[in-house]
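Shown next, in structure tokens, is the structure this report addresses.
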Amino acid sequence: MHKIKTAVIYTTCPSLEIAELIADEVIKRGFGACVNIIPHVISIYNWDSKIQRDHEVVALIKTESKMTDEVISAVKELHPYDMPAIITIPIEGGCETFLRWITTQTGAFL
Numbered sequence: 009m010h011k012i013k014t015a016v017i018y019t020t021c022p023s024l025e026i027a028e029l030i031a032d033e034v035i036k037r038g039f040g041a042c043v044n045i046i047p048h049v050i051s052i053y054n055w056d057s058k059i060q061r062d063h064e065v066v067a068l069i070k071t072e073s074k075m076t077d078e079v080i081s082a083v084k085e086l087h088p089y090d091m092p093a094i095i096t097i098p099i100e101g102g103c104e105t106f107l108r109w110i111t112t113q114t115g116a117f118l
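Have a look at this one:
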């Protein structure tokens with residue numbers, strides 16, 4: 009049987025407004041099927057030899073694996089950070105009907 013190839017693109021945003029802008033554009037362009045936005049996360053990291061703490065918003069973008077480059081390009085285009093955290097996480101399994109739905113939603117508007 010043909011394996012459905014899907015992925016989640018993880019990114020953090022400085023605000024809910026930016027996360028929603030990215031989500032709207034990714035969905036409108038047909039690059040992603042669904043975006044979950046998780047507000048109020050705290051990111052702790054080392055920057056310029058100082059420990060930083062920022063309040064951020066996580067966006068989880070579900071897409072077909074062949075669309076990951078388009079998603080990443082769109083996030084970079086719309087994101088205000090010079091170096092946004094953008095990570096591709098392959099989906100190894102799950103509800104097959106949901107994974108199939110992801111593939112039917114992505115690329116639909118191209």
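Once you know that position 55 of the sequence shown is 63 in my numbering, the rest is easy, because the numbers rise by one and skip nothing. Yeah, the Cβ is synthetic: ideal placement off N, Cα and C, and Gly gets one too.
Opposing strand residues paired with residue 109 [DSSP bridges] | Your numbering for residue 109 matches position 101 in the sequence shown. BP columns for residue 109 are empty, so no partner.
Measure the Cβ-Cβ separation of residue 79 and residue 92 and say whether it is below 8 angstroms.
-> Translated into positions along the sequence shown, residue 79 becomes position 71. Translated into positions along the sequence shown, residue 92 becomes position 84. Contact: no.
Check whether the Cβ atoms of residue 65 and residue 35 sit closer than 8 angstroms, and answer yes or no.
-> Here the question's residue 65 lines up with position 57 in the sequence shown. Here the question's residue 35 lines up with position 27 in the sequence shown. Contact annotation: residue 65 and residue 35 have beta-carbon atoms that are not nearer than 8 angstroms.
When burial is assigned at 16 or more other CB atoms within 10 Å of the CB, is residue 6 buried or exposed?
-> Beyond the ends of the chain as shown, which are 9 and 118, falls residue 6; an answer cannot be given.
Of all the alpha helix (DSSP H) runs that stay within the bounds of the region 39–116, which reach a length of 4 or more residues?
-> List check, alpha helix (DSSP H) in window: 76–86, 104–113.
Considering residue 17, what are the terminal residues of the alpha helix (DSSP H) in which it resides?
-> On the sequence shown, position 9 is the one that residue 17 refers to. Under the DSSP assignment, residue 17 falls outside any alpha helix (DSSP H), being part of the beta strand (DSSP E) whose first and last residues are 14–21.
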